[in-house]
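Heads up, the thing below is written out as structure tokens.
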Amino acid sequence: MRLKKAVRSWRSAIVAVLSLAVLGLTATPAMAAGDRYVNLHQCVYSNNSFLYTNVLSSTPNTAFNTGTNVSDARDAAAQCGSAAAGWALNSANVALQSLDRVRGRYLNLHQCVYSNNKFLYTNVLSTTPNTPFNTGTNIAYAPDSAVKCGSAAAGWTLDSVNTGVQSLDLAAGRYLNLHQCVYSNNSFLYTNVLSNTPNTAFNTGTNVSDTRDTVARCGPAAAGWRLDAVNSAVQSLDLTPGAP
8 MRLKKAVRSW RSAIVAVLSL AVLGLTATPA MAAGDRYVNL HQCVYSNNSF
58 LYTNVLSSTP NTAFNTGTNV SDARDAAAQC GSAAAGWALN SANVALQSLD
108 RVRGRYLNLH QCVYSNNKFL YTNVLSTTPN TPFNTGTNIA YAPDSAVKCG
158 SAAAGWTLDS VNTGVQSLDL AAGRYLNLHQ CVYSNNSFLY TNVLSNTPNT
208 AFNTGTNVSD TRDTVARCGP AAAGWRLDAV NSAVQSLDLT PGAP
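All residue numbers in the sequence shown are consecutive under the working numbering, ending with 251.
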């Protein structure tokens with residue numbers, strides 16, 4: 008009698024799994040401690056001449072570093088460095104987005120760049136208080152095919168050549184290697200974190216791999232622009248369960 012019950016229970020489990028497969032759904036296994044959330048912190052600073060966006064915790068310019076990490080806990084507030092003299096946090100564009108890996112396979116990183124002829128502003132988050140500039144960054148079971156950018160505020164336009172979406176398959180490797188390249192032409196600072204914008208001369212090395220990247224990969228830029236090395240870096244986030 009117990010054997011029959013066990014067989015029925017096993018068959019029920021198989022039917023449930025097959026039903027999910029037929030419906031195109033995937034049962035998500037429980038995450039082990041230490042790896043559930045990709046906590047992306049975005050800190051934006053101004054000195055009245057430039058806007059500078061940083062998403063990494065690992066740049067040489069430590070006074071501007073963020074709290075970006077992978078953790079089993081959802082971060083509650085953006086962590087931003089105190090900045091250097093003459094710079095202030097631009098709080099309307101500062102935010103944290105905690106992306107739950109249980110909810111999907113792809114980190115769809117949307118980057119929207121805006122200009123008002125005085126500043127270039129890069130945003131990669133969907134959660135800033137400045138909602139007209141927010142992006143479509145998310146975690147999902149499908150890669151996004153088109154970038155999603157807010158309509159901006161009066162006086163600002165989307166700088167489409169530097170705008171894009173990169174869908175990073177978090178199941179493809181151990182490390183999420185986030186490369187950030189910051190460029191200056193003495194009039195603007197431009198932050199790029201994507202490897203696939205239309206403006207290929209400025210593209211980065213952002214990827215998922217079984218290898219931890221140790222050096223930031225940044226395009227050579229266009230004439231009149233130079234790499235702002237002190238604000239450029241790579242942060243390798245270890246996606247292995249329980250990794251420090």
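Note that the Cβ used here is the ideal one computed from N, Cα and C, for glycine as well. Please read these numbers as outputs of a predicted model, since none were measured by experiment.
Check: Check the DSSP bridge columns for Tyr113 and list the partner residues they point to.; Outcome: Ala147, Asp176
Check: Going by Cα to Cα distance, which pick from Thr213, Ala228, Asp79, Tyr113 is closest to Val62?; Outcome: Thr213
Check: By Cβ distance, which residues of its chain are closer than 7 Å to Thr218, with the 5 residues on each side in sequence left out?; Outcome: Tyr182
Check: Within the continuous beta strand (DSSP E) that includes Ala80, where are the two ends?; Outcome: Ala80 -> no beta strand (DSSP E), and no H or E assigned at all.
Check: How far does the beta strand (DSSP E) with Ala240 in it reach, from first residue to last?; Outcome: 240-245
Check: Nearest to Val241 by alpha carbon, out of Arg233, Cys225, Trp232, Ala179?; Outcome: Cys225
Check: Do Ser89 and Ala70 have their C-beta atoms within less than 7 Å of each other?; Outcome: yes
Check: Would the stretch 44-52 count as touching the stretch 93-111 if we require 3 or more Cβ pairs under 8 Å?; Outcome: yes
Check: Between the C-alpha atoms of Thr144 and Gly111, what's the straight-line distance to the nearest angstrom?; Outcome: 13 Å
Check: Could you tell me the boundaries of the beta strand (DSSP E) in which Thr60 lies?; Outcome: 58-61
Check: Tell me, please, which residues DSSP counts as bridged to Thr73.; Outcome: Cys87
Check: Please work out which residues of its chain come closer than 6 Å, Cβ to Cβ, to Ala85, disregarding the five sequence neighbours upstream and downstream, and give them in chain order.; Outcome: His48, Val101, Ala102, Leu103
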